[in-house]
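One structure below.
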Amino acid sequence: MDSVHLPALQVVVPLLTAPIVAVLRDARLSWLAAVVTSVMTFVVSVYIVQHVLAGAVLSYQMGGWAAPYGIELRVDSLNALMLLVVSGASTLALLAGRQSLTLQIGEERLPLFMAAWLLALAGLVGILVSGDAFNIFVFMEISSLASYILISGGPDRRALPSVFKYLIAGTLGATFYLIGVGMVYMMTGTLNIADMEARLAGVGDTNVVFVAAGFITIGLALKAAIYPMHAWMPNAYTFAPNIVTAFIAACSTKVALYVLLRMDFFVFQKNLVDHESQFTYLLMPLALLGIVFGSVAAVFERNIKRILAFSSVAQIGYILLGASLISVSGFTAAVLHLFNHALAKSALFLAVAAMGLYFARLRLQVLRGAGRKMPWTFAAFVVAGLSLIGVPGTAGFVSKWALISAALESNLVVPLLVLILGSSLLAIVYIGRIVEHLWFGDATDKAVQIGEAPSWMLAMVWLAVAANIWFGLDSSLPMALAQQSAIDLLRQLP
Amino acid sequence: MSQILNLSHYWVFVLLLMIGFYAVLTRTNLVKKLLGLAIFQSAVFLLFISMGKIDGGTAPIILNDDWSQTFSSPLPQVLILTAIVVGISTLALGLAIVVRIKEAYGRIDDIDASSSEN
């Protein structure tokens, strides 16, 4: 297969199918079309990963206009891995989600909803493949607008104020990013990220570039839900339709985090004197606070989706912590955790969606005893939970281990180790609380009547869990890509 | 003084940005919040447009192969055309959500999806 067009195909396939799906009238057909499109997107990203693993950096010139004048799509190890995460999470969630979507969205609304889903997917992969800072902004808005629609489709009326809050936070974040890009454009006259990096070297360390870096970092931190800018996130995850949560939680904040890492490490790190201090004095403290706050908040929540959402705040802290160590091992750990956390959260939220087929509200009190009635779903939840905690044999262990090894090389060994291990203990507590209620609690009246989840959905949940175990035992694929991306982005380090 | 006047478009940008940001943060009425957001975005459009303007520069149209004229940069304007479309879509979607909030809650003021009872 000709590899030249792969980066463009990655975006074009879901983007072009979305309007076709929107005019379909049959709910089942629209779901099928979305699944097929998502699978095709996934296949394209598998091809891309194959090429990138062979050492290629895929570059595609939109319309044949050479970069830096034309828009360049550029895929290296970091975005190749992220593409796999995004298209994989979308495919799994869609495959597993027909009953859940029909239940929560309704047959008539499903075609339009699936079109919004494909637009969100197209926007997210668009951010990843694009090598142009302004193009990233446009794709960011496409994916955000589509995600607002997806989240507001939730059956609970509280989804609406939550999504409004997300819209305000998301737009502020994207606009801050745009201000920063505008300032860099003023100084360099280019929007191509690689070109930007080269030309900034000529501009030197000016106040404008400094302020631009600040705007871009804060704007993207808001979109990535980095503590304390996470306020929009727990409600948006909780009240979204269950299947949407499985998709969004696995990838949307991580894609914003990807742009943050790409801009800060690739564009600014080399060109700003003492740029490390941004990580040492701002992002690392925020990451640590996020780890502590997210884990503690998760322990005290009563809704299973909110517990997992606050756990995401903590996990984003881990990723940011790894990156802000500014070492190759730290960055590798960050990228690995990005991948592994997406695997774990995707599996967890899919298991929750399976329970959501029987329970409209997902409070722990309501779910008491449900685990005994649907043992396979519950077992999948527990295994994915172990991966979230970081038990050996699961994917979560690989990245936690990498993170701890990176922390051992830093000059803050003791506090970092205490925090990482402490919050892993807290993760045992909050996953343990869920297990306690679902398995050991006295069954409620409702829980007595239910049975196991539909077998097809169960198979998909277990597929996600199998991925957690597979990449826990053989992490060579994410490890190779993560190491290569660390070397690419930190190439100026000795 | 002349320094400040020369940079007047930046001052307008900062002022509009802060007015919009203040409205977004402090208003409890959802429509007013959205209007603040629109002002906030317009400030950024102004920043982009003004950076492409050169004193005495005209529209970048080459007539009769005459390259001697001074042209303003068209690129920021094209970028902002896209950003304006994005801004309109965001505003439209935001207003649509406000309509649904009104239907669901009967008001559009001071709404919070409080988590306590969940």
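If you read the protein sequences in the order shown, they are chains A and R.
The working numbering numbers the first residue of the first sequence as 925 and each following residue consecutively.
The working numbering numbers the first residue of the second sequence as 51 and each following residue consecutively.
Glycine residues also receive a C-beta, built at the ideal position from the N, C-alpha and C atoms.
- Within chain A, the residues whose beta carbon sits less than 8 Å from that of D162/R are P1085, listed in sequence order.
- Taking 7 Å as the cut-off, the Cβ atoms of L1146/A and A1093/A count as close.
- For F1058/A, the chain R residues whose Cβ falls inside 7 Å of its Cβ are L129, in order along the chain.
- In this structure, K1269/A lies near A1174/A, with their beta-carbon atoms less than 7 Å apart.
- In the three-state reduction of the DSSP assignment, T1318/A falls in the coil class.
- Neighbours of E1065/A in chain R, taken as residues at a C-beta separation under 8 Å, are given in chain order as V136, S139, T140.
- A residue is called buried once 16 or more other Cβ atoms fall within 10 Å of its Cβ, and F1224/A, having fewer, is exposed.
- Residue state for Y1282/A is assigned as coil, using DSSP reduced to three classes.
- With 16 or more other Cβ atoms inside 10 Å of its own Cβ, F90/R counts as buried.
- When C-beta atoms of the region 1077–1084 of chain A are compared with those of the region 1100–1108 of chain A, fewer than three pairs fall below 8 Å, so the two segments do not count as touching.
- Only residues of its own chain outside the window of five on either side were considered, and among them I1231, F1234, S1235, Y1354 have a CB closer than 6 Å to the CB of A1222/A, listed in chain order.
- A distance below 7 Å between beta-carbons, with the five flanking residues on each side excluded, links S1054/A to the following residues of its chain, in chain order: L997, I1060, F1063.
- Nearest Cα to L1336/A within the set P1152/A, D1398/A, E1121/A, G1254/A: G1254/A.
- L1102/A belongs to the set of residues whose beta carbon lies under 7 Å from a beta carbon in chain R.
- In terms of Cα proximity to L1249/A, the closest of M1208/A, H1265/A, G1241/A is M1208/A.
- Within chain R, the residues F71, V74, L87, F90 have their CB atoms less than 9 Å from the CB of L1096/A, given in chain order.
- In the three-state reduction of the DSSP assignment, V1290/A falls in the coil class, being assigned neither a helical nor a strand state.
- When secondary structure is reduced to three states using DSSP, Y993/A falls in the coil class, being assigned neither helix nor strand.
- In this structure, A1211/A keeps its C-beta atom at 7 Å or more from the C-beta atom of L1262/A.
- Rounded to the nearest angstrom, the Cβ distance from L1327/A to L1002/A is 17 Å, too far for a contact under 8 Å.
- When the beta-carbon positions are compared, I1051/A and V1179/A come within less than 7 Å of each other.
- When the alpha-carbon of G1012/A is set against those of S1409/A, V1307/A, A1388/A, the nearest one is in A1388/A.
- Not a single C-beta of chain R is nearer than 7 Å to the C-beta of G1143/A.
- L982/A: member of the beta strand (DSSP E) spanning 982–985, first to last residue.
- Residues of chain R with a Cβ closer than 7 Å to the Cβ of L1196/A do not exist; the shortest Cβ-Cβ separation is about 21 Å.
- Here the alpha carbons of L66/R and I1215/A stand approximately 36 Å from one another.
- Considered as a whole, the region 940–1027 of chain A harbours 982–985, 996–999 as its complete beta strand (DSSP E) runs of no fewer than 3 residues, in chain order.
- Neighbourhood of G1106/A in chain R, by CB distance below 9 Å: V94, L97, F98, M101, P126, L129, in chain order.
- Between R77/R and chain A, the shortest Cβ-Cβ separation is not below 7 Å.
- Residue pairing for T1169/A: DSSP places it in no beta bridge.
- Assigned with DSSP and collapsed to three states, S92/R falls in helix.
- As computed with DSSP, S1054/A is found in a beta bridge with L997/A.
- With a cutoff of 7 Å on beta-carbon distance, L1005/A and L1312/A are scored as not near each other.
- In this chain, the alpha helix (DSSP H) harbouring H59/R covers 58–76.
- Here L1260/A has V1322, S1323, A1326, P1402, M1403, A1406 as same chain residues with Cβ atoms under 7 Å from its own Cβ, once five neighbours each way along the sequence are excluded.
- A1284/A counts as exposed, since fewer than 16 other C-beta atoms from the protein chains shown sit within 10 angstroms of its C-beta.
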